[in-house]
Ligand SMILES: Cc1cc2nc3c(=O)[nH]c(=O)nc-3n(C[C@H](O)[C@H](O)[C@H](O)COP(=O)(O)OP(=O)(O)OC[C@H]3O[C@@H](n4cnc5c(N)ncnc54)[C@H](O)[C@@H]3O)c2cc1C
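Numbering (the UniProt record's numbering), first residue to last: 1 to 364.
Next up, the structure:
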């Protein structure tokens with residue numbers, strides 16, 4: 001059985017690793033030219049019942065534990081005038097249930113656990129045609145082609161595989177504007193101090209300014225705003241973004257001014273809650289391709305759990321695996337997608353600041 005996985009993100013790589021452990025080889029086709037081609041983003045906290053369970057099934061718990069950053073759990077919530085509302089410090093040496101790990105470190109950990117040739121870089125899938133005898137003929141952006149018996153779309157938010165199963169549309173539920181500040185301890189000690197070893201949140205009316213420290217001393221700044229009808233290019237200049245935070249403490253807006261490059265805006269999107277499809281032999285989706293949700297802490301965890309459920313099913317009985325996985329995944333994801341949409345809406349509601357402080361418990 002030739003298994004092709006489109007997309008070498010956290011879901012696709014976790015699946016390839018779990019299959020490899022069961023002695024089933026799969027080929028991961030990834031559009032990026034190499035593992036170092038793109039920064040992978042900020043911290044993730046992996047939950048015991050999903051992301052960590054998948055890593056256990058991948059045989060990578062020990063390596064994960066030595067790569068986590070417990071200090072990343074520290075968080076501060078500030079008012080727009082700079083007052084500290086909440087300052088949570090985890091006890092030294094504590095390893096709570098959801099430790100943080102740099103996303104790039106996690107991806108490397110998975111890549112290092114796969115055979116050298118498991119990932120075919122620079123392979124952007126552009127077409128998958130069912131073959132009369134079963135399986136799919138795959139075509140790639142540079143004209144190459146390949147074949148497989150089973151195709152798993154792990155190709156993220158803008159999945160190319162998804163349209164073979166469903167025409168569910170993605171819709172925008174917010175806007176995320178990102179900046180990075182490299183080498184923060186040395187170049188911007190005041191900002192490094194403000195953010196601390198974990199994360200900082202500052203919530204105003206329908207706007208959130210957040211910052212997160214990565215293991216390499218980079219601060220990632222993420223600004224969440226309502227979805228916009230107009231062109232996102234409006235937010236490609238620091239001046240335009242600073243205007244959104246007019247009247248906020250200069251200590252906080254300094255996080256925008258210090259960005260190494262102009263801000264990068266993008267839409268926060270989701271698939272309709274309850275998206276499902278009729279089973280199609282030899283074809284399925286995992287992760288964001290299957291259930292794109294607002295980024296409130298579940299997407300990567302669920303992508304990895306999808307991989308664990310599907311990997312175990314393929315190892316047990318390839319004939320019924322895809323259907324068994326889809327049944328479990330549709331039921332599991334529905335309430336999580338509902339919760340994620342609710343939290344996203346709450347974050348941009350006028351009462352968000354009070355809600356967040358209540359959630360984390362007040363007191364500096
Ligand atoms: C700002 C932000 C913060 C987040 N924070 C969290 C968090 O704290 N916790 C959490 O659990 N989740 C979080 N998420 C969600 C999480 O990032 C995603 O849900 C997760 O990455 C999904 O994994 P995936 O493998 O399905 O897709 P991806 O990680 O997007 O991987 C898809 C891969 O497919 C490749 N690809 C795409 N198209 C093709 C193609 N046509 N051919 C070949 N390859 C292709 C891409 O290059 C990529 O490598 C966050 C998301 C954002 C945007």
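Even for Gly, the Cβ is constructed at its ideal location relative to N, Cα and C.
N- and C-terminal bounds of the alpha helix (DSSP H) containing residue i
i	result
residue 212	Looking at the DSSP string, residue 212 is not in any alpha helix (DSSP H); the run it does join, the beta strand (DSSP E), is 207-213.
residue 18	10-21
residue 86	Per DSSP, residue 86 belongs to no alpha helix (DSSP H); it is in the beta strand (DSSP E), 84-88.
residue 56	51-57
residue 4	First-last for residue 4: 3-6, but that is the beta strand (DSSP E), not the alpha helix (DSSP H).
residue 103	103-112
residue 426	The structure shown has nothing for residue 426, since the chain only spans 1 to 364.
Residue environment, residue i, which counts as buried when at least 16 other CB atoms sit within 10 Å
i	result
residue 17	buried
residue 155	buried
residue 370	As displayed, the chain neither begins before 1 nor continues past 364, which places residue 370 out of reach and without an answer.
residue 100	buried
residue 221	buried
residue 57	buried
residue 195	buried
residue 364	With a pLDDT of 45 at residue 364, under the threshold of 50, the modelled position of this residue cannot be trusted, and the question is left open.
residue 50	buried
residue 162	buried
residue 159	buried
residue 75	buried
residue 68	buried
residue 123	buried
residue 1	exposed
residue 188	buried
residue 306	buried
residue 66	exposed
residue 288	buried
residue 326	buried
residue 351	exposed
residue 61	exposed
residue 279	exposed
residue 153	buried
residue 144	exposed
residue 12	buried
residue 263	buried
residue 294	buried
residue 126	exposed
Close-in-space but distant-in-sequence residues of the same chain around residue i (CB under 7 Å, 5 per side omitted)
i	result
residue 59	21
residue 98	45, 46, 47
residue 330	276
residue 368	With the chain represented from 1 up to 364, any question about residue 368 goes unanswered, as that position is not in the structure.
residue 347	208, 224
residue 135	147, 148, 149, 282
residue 318	1
Residue span of the beta strand (DSSP E) that contains residue i, given as start and end
i	result
residue 269	264-270
residue 130	125-130
residue 26	26-29
residue 46	It is not in any beta strand (DSSP E) - residue 46 carries neither H nor E in the DSSP assignment.
residue 76	75-78
Cβ-based neighbour list, residue i, same chain, cut-off 8 Å, excluding 5 preceding and 5 following
i	result
residue 273	334, 337, 338, 341
residue 217	182, 183, 184, 185, 186, 192
residue 246	none
residue 357	77, 85, 86
Neighbourhood of residue i by C-beta distance below 6 Å, restricted to the same chain and skipping five residues each side
i	result
residue 210	201, 222
residue 379	Lying before the first or after the last residue shown, residue 379 is absent from the chain, which here runs from 1 to 364.
residue 89	74
residue 150	3, 282
residue 203	352, 353, 356
residue 121	30, 33, 34
Cutoff 8 Å: residue i Cβ touching any chain D Cβ
i	result
residue 215	Any reference to chain D falls outside this structure, which holds one protein chain only.
Distance cut-off 7 Å: residue i Cβ against heavy atoms of ligand 2
i	result
residue 104	Among the ligands present in this structure, namely ligand 1, ligand 2 is not found.
Which runs of the alpha helix (DSSP H) at least 4 residues long sit entirely within the UniProt domain "FAD-binding" (282-317)? Give them in chain order. 288-291, 299-316
Length at least 3, wholly inside the segment 124-187: the beta strand (DSSP E) runs in chain order: 125-130, 136-140, 145-148, 150-153, 171-181
Which runs of the beta strand (DSSP E) fall wholly inside the segment 188-251 and span at least 3 residues, in chain order? 199-204, 207-213, 219-225
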